[in-house]
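Encoded as structure tokens, the structure appears first; notes follow it.
There are 2 protein chains.
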Amino acid sequence: MAADELRRHNLATVLERVHLSGPLSRSDLTVTTGLNRSTIAGLVGELSSLGLVEEHPAVRSAGPGRPSPLVGARPESAAVLALELSVDSIAVATAGLGGHLYNKLRVARPRERFSPRETVQDLAKLAEPLLASLPSGHNLAGVGAAVAGVVRRSDGFVHLAPNLGWHNVQLGSMLGSELGVSERVSVANEADLGALAEHRRGVGVGVGHLIYLSGEVGIGAGIIYDGKPMLGSAGYAGEVGHTLINPAGRRCRCGATGCWETEAGEMALARAARLPASITGLDVVRTVRDRAETGDQRTLAGIAEIGRWLGLGIGNLINAFNPELIVLGGIYHALYPYLHHSVLEGAEQVRLDAPAEMVEVVRSGLGPDAPLMGAAEMALSAVVTDPASAAGHSVLAAPGG
Amino acid sequence: MAADELRRHNLATVLERVHLSGPLSRSDLTVTTGLNRSTIAGLVGELSSLGLVEEHPAVRSAGPGRPSPLVGARPESAAVLALELSVDSIAVATAGLGGHLYNKLRVARPRERFSPRETVQDLAKLAEPLLASLPSGHNLAGVGAAVAGVVRRSDGFVHLAPNLGWHNVQLGSMLGSELGVSERVSVANEADLGALAEHRRGVGVGVGHLIYLSGEVGIGAGIIYDGKPMLGSAGYAGEVGHTLINPAGRRCRCGATGCWETEAGEMALARAARLPASITGLDVVRTVRDRAETGDQRTLAGIAEIGRWLGLGIGNLINAFNPELIVLGGIYHALYPYLHHSVLEGAEQVRLDAPAEMVEVVRSGLGPDAPLMGAAEMALSAVVTDPASAAGHSVLAAPGG
DNA sequence: GCCTATATAGTGACTTCCCCAACAAATAGG
DNA sequence: CCTATTTGTTGGGGAAGTCACTATATAGGC
Chain A
210 MAADELRRHN LATVLERVHL SGPLSRSDLT VTTGLNRSTI AGLVGELSSL GLVEEHPAVR
270 SAGPGRPSPL VGARPESAAV LALELSVDSI AVATAGLGGH LYNKLRVARP RERFSPRETV
330 QDLAKLAEPL LASLPSGHNL AGVGAAVAGV VRRSDGFVHL APNLGWHNVQ LGSMLGSELG
390 VSERVSVANE ADLGALAEHR RGVGVGVGHL IYLSGEVGIG AGIIYDGKPM LGSAGYAGEV
450 GHTLINPAGR RCRCGATGCW ETEAGEMALA RAARLPASIT GLDVVRTVRD RAETGDQRTL
510 AGIAEIGRWL GLGIGNLINA FNPELIVLGG IYHALYPYLH HSVLEGAEQV RLDAPAEMVE
570 VVRSGLGPDA PLMGAAEMAL SAVVTDPASA AGHSVLAAPG G
Chain B
210 MAADELRRHN LATVLERVHL SGPLSRSDLT VTTGLNRSTI AGLVGELSSL GLVEEHPAVR
270 SAGPGRPSPL VGARPESAAV LALELSVDSI AVATAGLGGH LYNKLRVARP RERFSPRETV
330 QDLAKLAEPL LASLPSGHNL AGVGAAVAGV VRRSDGFVHL APNLGWHNVQ LGSMLGSELG
390 VSERVSVANE ADLGALAEHR RGVGVGVGHL IYLSGEVGIG AGIIYDGKPM LGSAGYAGEV
450 GHTLINPAGR RCRCGATGCW ETEAGEMALA RAARLPASIT GLDVVRTVRD RAETGDQRTL
510 AGIAEIGRWL GLGIGNLINA FNPELIVLGG IYHALYPYLH HSVLEGAEQV RLDAPAEMVE
570 VVRSGLGPDA PLMGAAEMAL SAVVTDPASA AGHSVLAAPG G
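Protein chains in written order, with my numbering: chain A, 210 to 610; chain B, 210 to 610.
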């Protein structure tokens, strides 16, 4: 490691703590980073002169001694635009350093096939007022997008998004040109970003190893390994929807037989809950939940059945990844109260070599917005990782919205 | 990161290159580390004075310019003892920094239940002559052990080793006291170490993401993620033998139904190849291979069947981990020529969202010794990771064997 | 209200480590 | 034998973190 990387690394460490944990006193920073007081002073000073953090006089005084000023992130120093392209809706949000959420907007969409161009234009229209209402003097540091599909991170190329009907779409560059953003448009898989969001702002804060399961039409997993997103060699890790779990099962839309999502996904739910074929799309989960609320036995049994299959697959994931936490998002978040018993039952059916009490299965803390929040966090990461070079660079090609 | 960690980190980087790639010229080191010539000179000098590396005059002269001396690891500066506790054999080896193998000894064992104490004593007896024949002036830097079981790394506690009939064994400390070694006895899972070995010395050199499959009685996976062993939160990642793959399948020894190893493990092989029940243990694979060599159709069909199941599970792992390489060890190494077609067939049956040509399935390069070599590498890692503090510390409580 | 103990910030000297530039050394090729 | 090229060596310089000392601000006891 070169000498200048040391400084960058330490700046990033300090900014990351402040970004993730909220305002911290300088002495907190000394303790948690292990760096010297003088060093922290220098680092905070530099971050402060970059405009990324602000020092406030200490508020609460906890015991004797000179009070330590609080170091807090300045949200407007790095604002980002977060986008979500999901099966049933698109959403936009603006957020700032420190996790501050300025605004959020979600619009339902029918499950028709929208072309990439239409979708990108719709997103830009949604984003316009949000960008315009950002505080003056803000600095747009980047754009992040969550897509329900298989994405190459390096350039935001969408290999495949079956539920959007997309195939080989240059989404990254399309978003960049439509939004008038010159660089730093990052695109990632919905589940991966859900995992990131839950790890940073949701139920997974402080948990080093977790798996987020995004159940929409299919099933996707986002994996946090040792506190960092685990993407695999090309970014396709966690594509678990079509893992084989039941060779004697039903035929999947993908052509194979017995894929996990065929047994535990939305279509399996509709079938197990005996919904009429007329109910489709978002209405599947809505109807199932409504009926479950009334205590309808047939529905509850159907939920339990897909819960069991979900649990079996979760057991497999636990054996493979040894996580501390499984976070259920998407439709599993919506149905969690009726689902979690059978999920645990299914998971316990798979023999675990690790003591079972080491894993917890919980409901997503951020709910349907997890991927969107993850997109914001991803965009903010560029600033946090390299504060010195990222600060002050606005990403807009031309001023104005 | 504190200031002194920088030096340690750079020393480790240089020593690691030399350890893994063999003798390198100083200018190679400058290029690959990105550090300055002067810095490399200083680092090499320090490693040299610690006795860990040696400089030799440049041999081959490749073009004009002043020849760059070669920096090579000194094996005797950090020798290690590697142990393997496997289902059908135990093995010991001595190796030195740079991957130099001094000696190796493997002894077959019947598949009876040996107590931990017996086994440890046998290992110590095997190790004695190897330790005695190490070059004088050697420095025993540590001991590494590979076990076919679920191991807690921190203290070498064996939770479960079904094929050894063990349960909650303090293997680490038992080995330490039996060998007269005061510290640095590390114990790990066989498959994890197989993966490490293949990554460092086998077919996976230079491959950042690979999965090693160890097929003995059961199936275990060792995962290298981004060049580093992926252990999971508690070290139990890769325990894939009992992942569910066929709910309509046979009952597994573990009590569950349709575990992967029930469909693709050794017992499944014996059944599929229609071996008489009298053939057990090591003889299963031997017999199957012998019959396959003669072209026996029934045997070949049986191998193909378990190959297909193996491939299906591999497809699942590819979807979950997105590796670049799958390395087949254990019985799959032995049967590879008759197996690999059906494995690929099975893997292709699972739909991959990543382009399939990005994954390769290959035969282990180190064969049956992969876990043993991995144990050596694990023990050497302590020295490589922290050269300054590790050098010169011998691990033997008392001199002599 | 004042004093003391405690905890933390500020400051400047110091050390370590890496980088750089100039020079020296060793080789290939003409 | 000379030149171009590459690399080791050396000493100066700068950046970053550490340390010791001093200054400051609070809590709590008298």
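We put the CB at the ideal spot given by N, CA and C, even for glycine.
Which word fits residue i, buried or exposed, when buried means at least 16 other C-beta atoms lie within 10 angstroms of its C-beta?
| i | result |
| --- | --- |
| Thr241 of chain A | exposed |
| Glu293 of chain B | buried |
| Leu247 of chain A | This sequence places Ser at residue 247 of chain A; Leu is not what is there. Counting Cβ neighbours within 10 Å, Ser247 of chain A comes out exposed, since fewer than 16 surround it. |
| Thr452 of chain B | buried |
| His376 of chain B | exposed |
| Ala211 of chain A | exposed |
| Asp401 of chain B | buried |
| Pro284 of chain B | buried |
| Pro344 of chain A | exposed |
| Ala607 of chain A | Its pLDDT being 43, under 50, Ala607 of chain A is placed unreliably in this model, and the value from its coordinates should be taken loosely. Exposed, by the Cβ-count rule. |
| Ser295 of chain B | buried |
| Val227 of chain A | buried |
| Glu475 of chain B | buried |
| Ser342 of chain B | exposed |
| Glu533 of chain B | buried |
| Val497 of chain A | buried |
Taking the alpha carbon of residue i as the point to measure from, which residue in the options has its own alpha carbon closest?
| i | options | result |
| --- | --- | --- |
| Val570 of chain A | A:Ala446, A:Ala282, A:Ile527, A:Arg315 | A:Ile527 |
| Arg235 of chain B | B:His265, B:Glu533, B:Arg460, B:Val367 | B:His265 |
| Leu279 of chain B | B:Ala304, B:Cys468, B:Val223, B:Gly308 | B:Val223 |
| Gly539 of chain A | A:Pro485, A:Leu290, A:Ser551, A:Leu581 | A:Leu581 |
| Ser298 of chain A | A:Glu425, A:Arg226, A:Arg217, A:Gly260 | A:Glu425 |
| Ile249 of chain A | A:Ala221, A:Arg459, A:Leu314, A:Ser363 | A:Ala221 |
| Arg216 of chain A | A:Val359, A:Glu321, A:Gly254 | A:Gly254 |
| Leu314 of chain A | A:Arg322, A:Phe323, A:Ala304, A:Arg320 | A:Ala304 |
| Arg322 of chain B | B:Leu544, B:Ala588, B:Pro371 | B:Pro371 |
| Ala446 of chain A | B:Glu470, B:Gly450, B:His418, B:Trp469 | B:His418 |
| Ala501 of chain A | A:Gly464, A:Leu548, A:Ala473 | A:Leu548 |
| Ala354 of chain B | B:Leu561, B:Ala397, B:Leu233 | B:Ala397 |
| His515 of chain A | A:Ala477, A:Pro485, A:Arg483, A:Ser295 | Correcting the residue type first, residue 515 of chain A is Ile in the shown sequence and not His. Cα-wise, what sits closest to Ile515 of chain A is A:Ala477. |
| Pro338 of chain B | B:Arg362, B:Gly346, B:Val352, B:Val301 | B:Val301 |
| Ala288 of chain B | B:Gly574, B:Leu335, B:Asn312 | B:Asn312 |
| Ser382 of chain B | B:Arg409, B:Val329, B:Arg572, B:Pro485 | B:Val329 |
| Arg320 of chain B | B:Gly274, B:Arg498, B:Leu491 | B:Leu491 |
| Cys468 of chain A | B:Leu340, B:Gly524, B:Asn245 | B:Gly524 |
| Gly389 of chain B | B:Gly413, B:Trp518, B:Leu332, B:Ile420 | B:Leu332 |
| Leu575 of chain B | B:Arg410, B:Glu533, B:Ala556 | B:Arg410 |
| Ile433 of chain A | A:Gly458, A:Asn531, A:Thr489, A:Ala350 | A:Asn531 |
| Ala473 of chain B | B:Gly555, B:Arg507, B:Pro485, B:Leu229 | B:Gly555 |
| His542 of chain B | B:Ile454, B:Gly504, B:Leu519, B:Ala591 | B:Leu519 |
Sort out for me which residues DSSP pairs residue i with in a bridge.
| i | result |
| --- | --- |
| Val329 of chain A | In the DSSP output, where bridge partners are listed per residue, Val329 of chain A has none listed. |
| Cys468 of chain A | A:Leu453 |
| Gly351 of chain B | B:Val289 |
| Tyr541 of chain A | DSSP lists no partner for Tyr541 of chain A. |
| Ala302 of chain B | B:Ala291, B:Lys313 |
| Gly251 of chain B | None; Gly251 of chain B has no bridge partner. |
| Asn398 of chain B | B:Val356 |
| Arg632 of chain B | The question about residue 632 of chain B has no answer here: the residues shown for chain B are numbered 210 through 610. |
Just checking my contact of residue i with residue j at CB under 8 Å: how many whole Å lie between their CB atoms?
| i | j | result |
| --- | --- | --- |
| Gly281 of chain A | Val262 of chain A | 6 Å |
| Ile535 of chain B | Val493 of chain B | With a Cβ gap of about 23 Å, Ile535 of chain B and Val493 of chain B do not count as contacting. |
| Ser442 of chain A | Gly431 of chain A | That pair is no contact at about 17 Å. |
| Leu259 of chain B | Ala597 of chain B | 7 Å |
| Ser257 of chain B | Ala267 of chain B | In fact, because the Cβ distance is near 16 Å, the residues do not count as touching under 8 Å. |
| His347 of chain A | Val360 of chain A | Going by Cβ atoms, the distance from His347 of chain A to Val360 of chain A rounds to 27 Å, so no, they are not a contact pair. |
| Pro456 of chain A | Thr466 of chain A | 6 Å |
| Ala481 of chain A | Gly444 of chain A | The pair is not a contact, with the Cβ atoms about 33 Å apart (cut-off 8 Å). |
If contact means a Cβ-Cβ distance below 9 Å, which residues of the segment 433–462 of chain A contact chain B? Answer in chain order: Tyr434, Asp435, Met439, Leu440, Gly441, Ser442, Ala443, Gly444, Tyr445, Ala446, Gly447, Glu448, Val449, Gly450, His451, Thr452, Leu453, Ile454, Asn455, Pro456, Ala457, Gly458, Cys461.
Quick one, which residues of the segment 551–585 of chain B are near chain A if we go by CB-CB under 7 Å, in chain order? If the cut-off is 7 Å between Cβ atoms, the segment 551–585 of chain B has Gln558, Val559, Arg560, Asp562, Ala563, Met567 near chain A.
Taking only beta carbons into account, state which residues of the segment 529–544 of chain B come closer than 8 Å to chain A, listed in chain order. So the list reads Ala529, Phe530, Asn531, Pro532, Glu533, given in the order they occur along the chain.
Positions along the segment 408–421 of chain B whose CB lies within less than 7 Å of some CB in chain A: Against chain A - using a Cβ distance shorter than 7 Å - the residues of the segment 408–421 of chain B are Gly417, His418.
What are the residues in the segment 214–237 of chain B lying within 7 Å of chain A by C-beta distance? Listed by position along the chain: Leu215, His218, Asn219.
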